[in-house]
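In the working numbering, the protein residues as written are 5 to 166. By construction, the Cβ of each residue, glycine as well, lies at the ideal position given by its N, Cα and C atoms.
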């Protein structure tokens, strides 16, 4: 069951308590649940509890996906210490491309927040060229080595903001 249905149920219960409180035909007695509890307060309390539970579960789900999801997986696969060893980072006019040497694939790292999440912002070689069709197929990297783009195939993209 999705979070939105629990949230909508909570809103409906709060709306129900408001309707019973303000639109009663006679203002003498409150509605009693099993002859004991005021059903308006009962409905409002359960509705508010459902809304809070939904908010907590929604936040927990996003927190878990942030830690156990893309950021953690990509940080383990591409640690900063391995730049130049297992992969290279190249900035083509502000567009960050990760060249994976093990798989011979390149990945477009976007948006900017993904590069920040993976701590790639201050690393890599800047090239004044366009990608995927650069004028020079062999790029001189900052560490003195050459990167032959023709050896790499498209691997897709890396995006931690989904």
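task = Have a look at residue 1 and residue 140 and give me their C-alpha separation to the nearest angstrom.
result = Here the chain comprises residues numbered 5 to 166, so residue 1 is not present and cannot be evaluated.
inquiry  = Quick test of your reading: residue 111 and residue 159, contact by CB under 8 Å. State the CB separation rounded to the nearest angstrom.
reply    = Rounded, the Cβ-Cβ distance is 5 Å, consistent with contact.
inquiry  = According to DSSP, simplified to helix, strand and coil, what is residue 113?
reply    = The DSSP-derived three-state label of residue 113 is strand.
inquiry  = Since residue 151 and residue 97 should fall inside the 8 Å C-beta cutoff, what is the C-beta to C-beta distance between them, to a whole number of angstroms?
reply    = Rounded, the Cβ-Cβ distance is 16 Å, inconsistent with contact.
request  = Could you name the residues of the same chain whose beta carbon sits closer than 7 Å to that of residue 79, not counting the 5 residues immediately before and after it, in chain order?
outcome  = If you ignore the 5 residues before and after residue 79, its C-beta comes within less than 7 Å of the C-beta of 122, all in its own chain and listed in chain order.
request  = Check each candidate in 107, 56 and 25 and name the one with the smallest Cα separation from residue 13.
outcome  = Closest by alpha carbon: 56.
key: For residue 89, three-class secondary structure by DSSP   = Three-state result, residue 89: coil.
task = Note down the Cα distance separating residue 155 from residue 61, rounded to an integer number of angstroms.
result = So the alpha carbons of these two residues sit roughly 46 Å apart.
Closest by C-alpha distance to residue 136, when choosing among 42, 100 and 85 = Nearest neighbour of residue 136 by Cα position, chosen from 42, 100 and 85, turns out to be 100.
Alpha helix (DSSP H) runs contained entirely in the segment 48-86, provided each spans 4 or more residues = Those alpha helix (DSSP H) runs which fall completely within the segment 48-86 and span 4+ residues are 74-81.
ask   = Within 10 angstroms of its Cβ, does residue 119 collect 16 or more other Cβ (buried), or is it exposed?
value = So residue 119 counts as buried.
query = So what's residue 97 in DSSP terms, helix, strand or just coil?
reply = Coil at residue 97, not helix or strand.
Three-state secondary structure (DSSP) of residue 159 = Three-state result, residue 159: strand.
request  = With a 10 Å radius around its C-beta and 16 neighbouring C-beta atoms as the bar for buried, classify residue 53 as buried or exposed.
outcome  = Exposed is the call here.
key: Buried/exposed call for residue 95, threshold 16 Cβ in 10 Å   = Classification of residue 95: buried, given that the 10 Å Cβ count is 16 or more.
task = Find the nearest neighbour of residue 149 within the set 113, 87, 161 and 133, judged by alpha-carbon distance.
result = Minimum Cα distance to residue 149 is reached at 87.
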